[in-house]
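Here's the structure, in structure tokens; my notes come after.
2 protein chains.
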Amino acid sequence: MGSLGPYQRKHKVAVVGSGNWGTAIAKIVAENTAANSDVFQEKVEMWVFEEDVEIPKTSQHYDPAQTSPQKLTEVINRIHENVKYLPGIPLPANLHASPSLEETVKDSTILVFNLPHQFIIKTCEQLKGKILPYARGISCIKGVDVSEEGINLFSETIGKTLGIYCGALSGANIANEVAQEKWSETSVAYDAPTLDSKAPTPQRSPNASQTDLVQFEHKDTSGQFSRVKLQALPSEYPPVDHAVLKTLFHRHYFHVRVVNDVAGVSISGALKNIVALAAGWVDGMGWGDNAKAAVMRVGLMEMVRFGEKFFGATIDTRTFTEESAGVADLITSCSGGRNFRCAKLSVERNQPIGEVEKSELNGQKLQGTLTSAEVNKFLKKQGIEDQFPLFTAVNRILEGKMSVADIPSHIER
Amino acid sequence: MGSLGPYQRKHKVAVVGSGNWGTAIAKIVAENTAANSDVFQEKVEMWVFEEDVEIPKTSQHYDPAQTSPQKLTEVINRIHENVKYLPGIPLPANLHASPSLEETVKDSTILVFNLPHQFIIKTCEQLKGKILPYARGISCIKGVDVSEEGINLFSETIGKTLGIYCGALSGANIANEVAQEKWSETSVAYDAPTLDSKAPTPQRSPNASQTDLVQFEHKDTSGQFSRVKLQALPSEYPPVDHAVLKTLFHRHYFHVRVVNDVAGVSISGALKNIVALAAGWVDGMGWGDNAKAAVMRVGLMEMVRFGEKFFGATIDTRTFTEESAGVADLITSCSGGRNFRCAKLSVERNQPIGEVEKSELNGQKLQGTLTSAEVNKFLKKQGIEDQFPLFTAVNRILEGKMSVADIPSHIER
Chain G
-10 MGSLGPYQRK
0 HKVAVVGSGN
10 WGTAIAKIVA
20 ENTAANSDVF
30 QEKVEMWVFE
40 EDVEIPKTSQ
50 HYDPAQTSPQ
60 KLTEVINRIH
70 ENVKYLPGIP
80 LPANLHASPS
90 LEETVKDSTI
100 LVFNLPHQFI
110 IKTCEQLKGK
120 ILPYARGISC
130 IKGVDVSEEG
140 INLFSETIGK
150 TLGIYCGALS
160 GANIANEVAQ
170 EKWSETSVAY
180 DAPTLDSKAP
190 TPQRSPNASQ
200 TDLVQFEHKD
210 TSGQFSRVKL
220 QALPSEYPPV
230 DHAVLKTLFH
240 RHYFHVRVVN
250 DVAGVSISGA
260 LKNIVALAAG
270 WVDGMGWGDN
280 AKAAVMRVGL
290 MEMVRFGEKF
300 FGATIDTRTF
310 TEESAGVADL
320 ITSCSGGRNF
330 RCAKLSVERN
340 QPIGEVEKSE
350 LNGQKLQGTL
360 TSAEVNKFLK
370 KQGIEDQFPL
380 FTAVNRILEG
390 KMSVADIPSH
400 IER
Chain S
-10 MGSLGPYQRK
0 HKVAVVGSGN
10 WGTAIAKIVA
20 ENTAANSDVF
30 QEKVEMWVFE
40 EDVEIPKTSQ
50 HYDPAQTSPQ
60 KLTEVINRIH
70 ENVKYLPGIP
80 LPANLHASPS
90 LEETVKDSTI
100 LVFNLPHQFI
110 IKTCEQLKGK
120 ILPYARGISC
130 IKGVDVSEEG
140 INLFSETIGK
150 TLGIYCGALS
160 GANIANEVAQ
170 EKWSETSVAY
180 DAPTLDSKAP
190 TPQRSPNASQ
200 TDLVQFEHKD
210 TSGQFSRVKL
220 QALPSEYPPV
230 DHAVLKTLFH
240 RHYFHVRVVN
250 DVAGVSISGA
260 LKNIVALAAG
270 WVDGMGWGDN
280 AKAAVMRVGL
290 MEMVRFGEKF
300 FGATIDTRTF
310 TEESAGVADL
320 ITSCSGGRNF
330 RCAKLSVERN
340 QPIGEVEKSE
350 LNGQKLQGTL
360 TSAEVNKFLK
370 KQGIEDQFPL
380 FTAVNRILEG
390 KMSVADIPSH
400 IER
């Protein structure tokens, strides 16, 4: 893998976040930097929210002499395992855990974000001014931030807050299965910032401190373009393009397809959770495989319609129907995902889904119910609920205004 | 439902075939002719391959005084139940079973075909000259006939043999679930023959015996058009169009979408069985939901590619990704269909799939293995096996030349 060209500098990669999925992605990234040391510095920094942990007796690293709790970062760096969030999975030795956000991102040209939704803004605020101004990001955070006013992709929120370009990674990926190196696929979306043809062509900067600017066309949810100024990556680095990103994320057990469509990849990951609720209810009713496939089909169509309507020309509808982040993630989520399971149980037990959520998820929250409410508010404000009959039916059922038995007649076209 | 216009004559509908799926469709059709007597004659004839049957003791129609076997047609017409092929399902009283092909189709303007593959040609040969020359057909027979030379849709085979136009019906439809009126969806494909603009505009025939001709553009597998002469439907009948077909097939539990794309609807129904084999193997390996969704995604892409390649401009790729006959039927088939189940068992038992087929299917044959071999022969002749890595992998595994464990690396792009 030495074909990416002769550049003076290598990319330094940092992973911001170290939960279940964060650690699984950090493992992949560190395996790939080690295998491609012509492009990447081998060592990968991973930011860990520091906490005290105890190594369980079942672990091969359990030491009876060690009686006091230890720092999670120290454990990860000593035994190369995230005993708290990804137990039992050996991590590469070149993956280094750090409790300091600032240390983690220092000199890094590629930042991989993998945090719970509620920490994104706060973490980005802390990172302001600490990152290289020409760094590039990839957000592995599923979902989007929908309000009455509009839809914000998390990759956009990160990019805007930090003043960098940020793409997205999403797919049919259950973290533990990926960590165990069971084969899966994913989608990386990255629409590389380009030189603005209307501005005087800037020279590629020969050193990192220079501030030649590029402009790139940034899409908002109205389908309009706006221009955002970004700093060019110095020319001594290999350009961050689809080939470099494939090299960074692709493994023999984790197949990557890189596309341009950040919006499609991101909104798929949010909307499929609404569909999974409907599929779970229908399955819970005992209506059989035909009916479940029918709601999934209608859901997929509404995902496509939503993308076309609110991201206009910037979206590629094939993202929904042909990429892992689209149809494949929808299928996985409607097979055994938590939204599907809780919805199914709520019908079988004749319990509100909120109660199932409490009893089954140990305090974690269902994404589907949140997304459904947000998307419905947005659609209602636009006055187009009727164009999305399945999404609307899901929200009405959650609000207790409709019953699951009414789904077929409601979505009939 | 009296809005289809004032025509002097009503359509007479016949169903050719009375197996499990044939009887379920005949039930729907008869329910709809009864409910729409402005467009259709109420009575629907169904051709039944005559045989002797005994009514089981568990049936409410069991009569201990009746000791000798009875004719299936007589039983159906007396107790309104197909005790042999769709037991336990009440059939409408206006559905009449006939042992005579000729009597069944006499004066019928709409012929619904629902036969096992191996009887299509023979039955159509027997029907030659017995049908109205301006009748129209709908084939509910899943699959296509692929050979080294090309791909024939069953609807085309029927149409050519009888000299009529024939559309297709296919979807995520498990016959017993449809018969029980569990909600499902289906796709009806019908590209209505049109007047040839290059020929002198024919007058609509005022009576049935007149032979004004229309020409319509018939598609062969090379994507070329050829012209076929067809007889125009006399103008005293409502035209057979999407509205009439929806009225004939749509029920509150059986949602119909009518499209033009006969080829897409037909080849989806064949190719999805190849994908279901791969999904079954992967599931049998215990690789998890991510992996299963990945082969389904790749399979759906190859279905689209196959359609684009061999049916060119005449196919609408949205049939695969948005219609019940496409993605929904794929999902159902990869959930619990027989190709999926037998493939899964073959991995779990470490048995060739042919042995599983024998032990599990009571003498019935898997469609997926047949279709895989046929499609592979065709792709090989065209020299493009490598453009369809999943289809090719499935065939190699069936031939014992590749192992299931090699699927991920084989389909890696």
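So the protein sequences, as listed, match chains G and S. For the first sequence, the numbering used here assigns the number -10 to the initial residue and increments by one for each residue that follows. For the second sequence, the numbering used here assigns the number -10 to the initial residue and increments by one for each residue that follows. Ideal Cβ positions, reconstructed from N, Cα and C, are used throughout, including at glycine. Only a predicted model underlies this, so the values are computations on that prediction, with no experimental measurement involved.
Outcome for residue i when other beta-carbon atoms lying within 10 angstroms are tallied against a minimum of 16
i                 : result
Lys111 of chain G : exposed
Glu138 of chain G : exposed
Leu350 of chain S : exposed
Asp41 of chain G  : exposed
Val4 of chain S   : buried
Ala394 of chain G : exposed
Ser198 of chain G : Any reading at Ser198 of chain G needs caution, since the residue's pLDDT is 33, under 50, leaving its predicted position unreliable; the model's value is listed next. So Ser198 of chain G counts as exposed.
Tyr51 of chain G  : exposed
Leu390 of chain G : Rather than Leu, the amino acid found at residue 390 of chain G in this sequence is Lys. Lys390 of chain G comes out exposed.
Asn71 of chain G  : buried
Lys369 of chain S : exposed
Pro53 of chain S  : exposed
Arg338 of chain S : exposed
Thr308 of chain S : buried
Partner residues on chain S for residue i, Cβ-Cβ distance less than 8 angstroms
i                 : result
Ile163 of chain G : Gly277, Asp278 and Asn279
Glu311 of chain G : Arg286, Leu289, Met290, Val293 and Thr310
Chain-ordered neighbours of residue i on chain G, where CB pairs are closer than 8 angstroms
i                 : result
Met285 of chain S : Val316, Ala317 and Ile320
Contact list for residue i against chain S, beta-carbon separation under 7 angstroms
i                : result
Ala86 of chain G : Going along chain S, no residue has its Cβ under 7 angstroms from Ala86 of chain G, so there is no contact; the nearest lies around 26 angstroms.
Alpha-carbon to alpha-carbon, residue j and residue i
i                 : j                  : result
Ser128 of chain G : Ser361 of chain G  : 22 angstroms
Ser322 of chain G : Glu344 of chain G  : 20 angstroms
Pro228 of chain S : Ile400 of chain G  : 28 angstroms
Gly269 of chain S : Phe329 of chain S  : 4 angstroms
Ile153 of chain G : Leu219 of chain G  : 6 angstroms
Leu234 of chain S : His85 of chain S   : 21 angstroms
Ser97 of chain G  : Gln(-3) of chain G : 15 angstroms
Pro81 of chain S  : Asp134 of chain G  : 52 angstroms
Met292 of chain G : Gln371 of chain G  : 17 angstroms
Thr12 of chain G  : Lys347 of chain G  : 26 angstroms
Gln356 of chain S : Glu312 of chain S  : 21 angstroms
Val37 of chain G  : Phe29 of chain G   : 21 angstroms
Glu166 of chain G : Ile130 of chain S  : 39 angstroms
Thr358 of chain G : Asn365 of chain G  : 11 angstroms
Glu231 of chain G : Ile147 of chain G  : According to the sequence provided, residue 231 of chain G is His. The question's Glu does not apply to it. Rounded to whole angstroms, His231 of chain G to Ile147 of chain G spans 20 angstroms at the Cα level.
Thr303 of chain S : Pro105 of chain G  : 47 angstroms
Ile14 of chain S  : Ser136 of chain S  : 29 angstroms
Chain G residues whose Cβ lies nearer than 9 angstroms to that of residue i
i                 : result
His244 of chain S : Ala283, Pro397, Ile400, Glu401 and Arg402
Ser176 of chain S : The contacting residues do not exist; Ser176 of chain S stays about 10 angstroms from chain G at best.
Minimum Cβ-Cβ distance from residue i to chain G less than 8 angstroms
i                 : result
Glu297 of chain S : no
Ser392 of chain S : no
Ser361 of chain S : no
Leu289 of chain S : yes
Ser128 of chain S : no
Ser173 of chain S : yes
Proximity below 8 angstroms, CB of residue i to CB of residue j
i                 : j                 : result
Gly273 of chain S : Ala332 of chain S : yes
Pro58 of chain G  : His69 of chain G  : no
Glu170 of chain S : Gly160 of chain S : no
Phe102 of chain G : Gly6 of chain G   : yes
Glu39 of chain S  : Leu75 of chain S  : no
Ala178 of chain G : Val94 of chain G  : no
Ile120 of chain S : Leu158 of chain S : no
Val287 of chain S : Leu387 of chain S : no
C-beta neighbour in chain S for residue i, strict 8 angstroms
i                 : result
Gly325 of chain G : yes
Glu20 of chain G  : no
Ser159 of chain G : no
Thr381 of chain G : no
Neighbour list for residue i in chain G, Cβ cutoff strictly below 7 angstroms
i                 : result
Glu170 of chain S : The contacting residues do not exist; Glu170 of chain S stays about 10 angstroms from chain G at best.
Amino acids of chain S, ordered along the chain, whose beta-carbon sits closer than 9 angstroms to that of residue i
i                 : result
Glu166 of chain G : Trp276, Gly277, Asp278, Asn279 and Ala280
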